[in-house]
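What follows is one structure encoded as structure tokens, with my remarks underneath.
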Amino acid sequence: MNKYEIRRQRLLYIRDRLCNGRAIEIARKIGREPSYVSRMLYPEGKKQKKRIADGMIELIESSFDLPRGWMDGITGEIPEDYIHKNYVVEALNIEQKSYLSTEVNAVVDSINFIPNRAMELFGSRPAEQMKVMSYSADAMAGTIGTGDIIVVDIDKNSFEGDGIYLFACNQVLQVRRLQLVGEALRVRADNNLYADWLIDEKQKRSLTIIGRVIYCYAVKRFV
1 MNKYEIRRQR
11 LLYIRDRLCN
21 GRAIEIARKI
31 GREPSYVSRM
41 LYPEGKKQKK
51 RIADGMIELI
61 ESSFDLPRGW
71 MDGITGEIPE
81 DYIHKNYVVE
91 ALNIEQKSYL
101 STEVNAVVDS
111 INFIPNRAME
121 LFGSRPAEQM
131 KVMSYSADAM
141 AGTIGTGDII
151 VVDIDKNSFE
161 GDGIYLFACN
171 QVLQVRRLQL
181 VGEALRVRAD
191 NNLYADWLID
201 EKQKRSLTII
211 GRVIYCYAVK
221 RFV
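Just so you know, we're using the UniProt record's numbering here: the sequence shown kicks off at 1 and counts up by one.
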């Protein structure tokens, strides 16, 4: 492990153990943009990765009251199993809610990702805010197929721009694209057999956004 990877692992440790898994907390502490910190957390080889330079490790160590040399592994220890710890995404518990119908199911308890792959897919998001489930409808055919595994960021539990969301409206749990149209939200399926519809101000009272879909794993059967 070269010095830059040691520094990255130490910064990951700071994020997870000292900043509640939030890269934005590191950014606030050291006076940098969250995107800058995220790039420092990228694995080697990822586009736009920012290596942690000597001047930066001094800033990080002083900001978190760490002994000089901690970021390079010269002083202080972190658990060996932490460095190799897998990124575990657990299933979303939907049984505690009484939905009239649902387009997702919990068919797996959890999915394990090796750290480098998790960073590529989810960036600096902590595993605790990611939930996995199986999509069981056909409204998003062409983008998300029936039986595909989706990962939802439940920290994104409000509308934050056009995208694919998991939400409940009138006690129906569904996956659709949401787009802002004036004061209303347009609900759009990728399957042309489903018509668009609008969630107006009145209907928003029955709208609960569970999270934003950020990854889909296609499942194909051959037998």
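Think of the CB as a built atom: it goes at the ideal place given N, C-alpha and C, for glycine as much as any other residue.
Per-residue burial, residue i [other beta carbons within 10 Å of its own, 16 or more giving buried]
| i | result |
| --- | --- |
| glutamine 9 | buried |
| aspartate 196 | exposed |
| isoleucine 144 | buried |
| alanine 218 | exposed |
| valine 47 | For clarity, residue 47 is lysine in the given sequence; the question names valine instead. Exposed. |
| arginine 15 | buried |
| serine 110 | exposed |
| serine 38 | buried |
| residue 272 | Residue 272 is absent from the structure shown; the chain starts at 1 and stops at 223. |
| cysteine 127 | In the sequence on display, residue 127 carries alanine and not cysteine. Buried, by the Cβ-count rule. |
| valine 107 | exposed |
| valine 172 | exposed |
| leucine 193 | exposed |
Presumed contact (8 Å Cβ cut-off) between residue i and residue j, rounded CB distance
| i | j | result |
| --- | --- | --- |
| valine 132 | alanine 91 | 6 Å |
| arginine 176 | alanine 139 | 7 Å |
| residue 227 | valine 181 | As displayed, the chain neither begins before 1 nor continues past 223, which places residue 227 out of reach and without an answer. |
| isoleucine 6 | glycine 73 | 5 Å |
| serine 158 | isoleucine 209 | 6 Å |
| proline 43 | methionine 119 | 5 Å |
| leucine 11 | isoleucine 60 | 7 Å |
DSSP bridge partner residues for residue i (one or two, in chain order)
| i | result |
| --- | --- |
| serine 101 | Val172 |
| asparagine 112 | Val88 |
| glutamine 203 | Beta-bridge pairing links glutamine 203 to no other residue. |
| threonine 208 | Ala168 |
| leucine 193 | Leucine 193 is not bridged to any residue. |
| cysteine 216 | Ile150 |
| leucine 198 | Arg186 |
Where the alpha helix (DSSP H) through residue i begins and ends
| i | result |
| --- | --- |
| residue 268 | Absent from the model: residue 268. The displayed extent of the chain is 1 to 223, so no value can be given. |
| leucine 66 | Taken as a continuous stretch (DSSP letters only), leucine 66 belongs to no alpha helix (DSSP H), as it is neither H nor E. |
| leucine 41 | 34-41 |
Proximal residues to residue i (C-beta, below 7 Å), its chain only, five neighbours per side dropped
| i | result |
| --- | --- |
| aspartate 153 | Arg125, Gln129, Met130, Gly211, Arg212, Ile214 |
| isoleucine 114 | Asn86 |
| asparagine 170 | Ser206 |
| isoleucine 188 | The question names isoleucine, but residue 188 is arginine in the sequence shown. So the qualifying residues of the chain are Arg176, Arg177, Gln179, Asp196. |
Cβ-based neighbour list, residue i, same chain, cut-off 6 Å, excluding 5 preceding and 5 following
| i | result |
| --- | --- |
| alanine 137 | Glu103 |
| aspartate 155 | Gln129 |
| leucine 121 | Tyr215 |
| leucine 185 | Leu178, Ile199 |
| arginine 51 | Tyr4 |
Enclosing beta strand (DSSP E) for residue i [first to last residue]
| i | result |
| --- | --- |
| serine 134 | 130-135 |
| aspartate 54 | Run containing aspartate 54: none in the beta strand (DSSP E); it sits in the alpha helix (DSSP H), 54-63. |
Proximity test, Cβ basis, 8 Å: residue i and chain D
| i | result |
| --- | --- |
| isoleucine 30 | Of the protein chains in this structure there is only one, and it is not chain D. |
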